[in-house]
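In what follows, a single structure is set out as structure tokens and then discussed.
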Amino acid sequence: MPKLLHGRRALGGKATARWLANLGISPSGPERAEVDAQAWAQFLFLTLRTTIMARGPKKHLKRLAAPSSWMLDKMGGAHAPRPSPGPHKLRECLPLSIFLRNRMKYALTGREVTLIVKQRLIKIDNKVRTDETFPTGFQDVITIDKSGENFRLMYDVKGRFLCHAITAEEANYKLCKVKKIQLGAKGVPFLVTHDGRTIRYPDPLIKVNDSVKIDLTENKIVDFVKFETGNLVMATGGRNMGRCGVIVHRERHLGGFDIVHVRDVLDREFATRVGNVFVLGQGNKPWVSLPKGKGVKLSIAEERDQKRRVAAK
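Each residue of the sequence shown is one higher than the one before, counting from 6 in this note's numbering.
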């Protein structure tokens with residue numbers, strides 16, 4: 006009697022015979038081959054049906070597996086806060102608890118973060134959020150009315166999330182990259198932005214990879230900037246993450262990834278995929294304020310000299 010695999014363990018010859026007998030199949034007789042084939046088919050059906058199942062959503066995140074852009078220290082515990090499902094991907098977001106506890110130092114523990122957000126003190130894109138693991142992402146505006154502070158999430162030139170302080174006037178709008186444009190039900194055109202917004206009846210001149218300026222109080226598009234040569238962009242992915250510059254030209258590769266060449270203010274060029282480019286303004290003038298350094302990446306020697314000059318003052 007051949008051995009059968011049941012789940013993760015093998016059944017012996019006698020166990021296989023008992024299992025076939027329980028199914029009402031006799032392992033002997035002239036039709037042995039046909040019986041064995043039927044037994045195998047039924048066995049595989051039952052095994053696959055019972056052992057390959059959905060395990061449900063993952064609810065934990067190890068600290069070593071967390072994105073490096075969160076800048077968590079290795080010895081700070083075994084786990085990190087796992088972001089809730091939301092407008093940004095897990096690898097491209099910053100949970101609200103890390104913003105309040107690790108960056109702003111407004112809380113010492115996760116319990117204190119919960120107490121803060123449950124008081125409805127934190128707004129993200131002009132909407133109160135009470136989920137301590139809500140995923141905030143690039144260009145999101147975080148408002149703390151009690152302290153009168155406004156922050157916009159940006160990247161530094163090393164690819165880490167940066168909480169850039171902005172004015173109350175600038176906190177009324179944000180830039181969003183257009184990811185998709187389609188026709189919906191009854192031929193209604195709509196676009197989808199990088200933060201999951203769906204906006205109906207956009208301007209027909211808006212295309213994929215353009216950036217739209219959204220009024221956060223009315224949730225409407227007030228202006229847009231085209232993805233074209235000469236406009237200011239920031240790299241939001243790849244090894245040039247956080248660098249800013251002006252588009253020089255775009256290489257088109259049919260069946261592959263289009264490559265965009267960008268030149269910064271120091272006349273240094275770098276190239277990245279078109280999916281990693283976010284348009285920030287018309288010409289060389291940004292529509293949002295840039296963080297310290299203006300997206301210019303320095304070499305190790307230049308960083309050393311800059312620190313020495315600052316220390317000498």
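Glycine residues also receive a C-beta, built at the ideal position from the N, C-alpha and C atoms.
The shortest C-alpha to C-alpha distance from PRO296 to any of PHE229, THR114, PRO90, MET159 is the one to MET159. Per the coordinates, the alpha-carbon of GLU308 lies some 14 Å from the alpha-carbon of GLY300. In this structure, the beta-carbon distance from LYS302 to ARG273 falls below 9 Å.
The criterion of a C-beta distance shorter than 9 Å is satisfied by THR141 and HIS93. Comparing alpha carbon positions, the residue from ARG87, GLY61, PRO62 closest to LEU69 is ARG87. Fewer than three beta-carbon pairs drawn from the stretch 206-215 and the stretch 126-137 are found closer than 8 Å, and the two stretches are therefore not classed as touching.
With contacts defined as CB atoms closer than 9 Å, ILE264 and VAL279 qualify as a contacting pair. Within the same chain, and ignoring the five residues on either side of VAL146 in sequence, the residues whose Cβ sits closer than 6 Å to its Cβ are ASP130, ARG157, ALA176, LYS179. Ranking MET76, HIS266, ASP161, VAL193 by CA distance to the CA of GLY235 puts HIS266 first.
Per the DSSP secondary-structure output, ILE211 pairs with nothing in a beta bridge. Spanning the alpha carbons of VAL315 and LYS163 requires a straight line of approximately 20 Å. Proximity of the stretch 217-224 to the stretch 177-197 meets the contact definition, three or more beta-carbon pairs being nearer than 8 Å. As for any beta strand (DSSP E) of minimum length 3 sitting wholly inside the stretch 167-197, the runs are 178-188, ordered along the chain. Inter-residue distance for ASP161 and GLU154 is about 20 Å (C-alpha atoms, whole angstroms).
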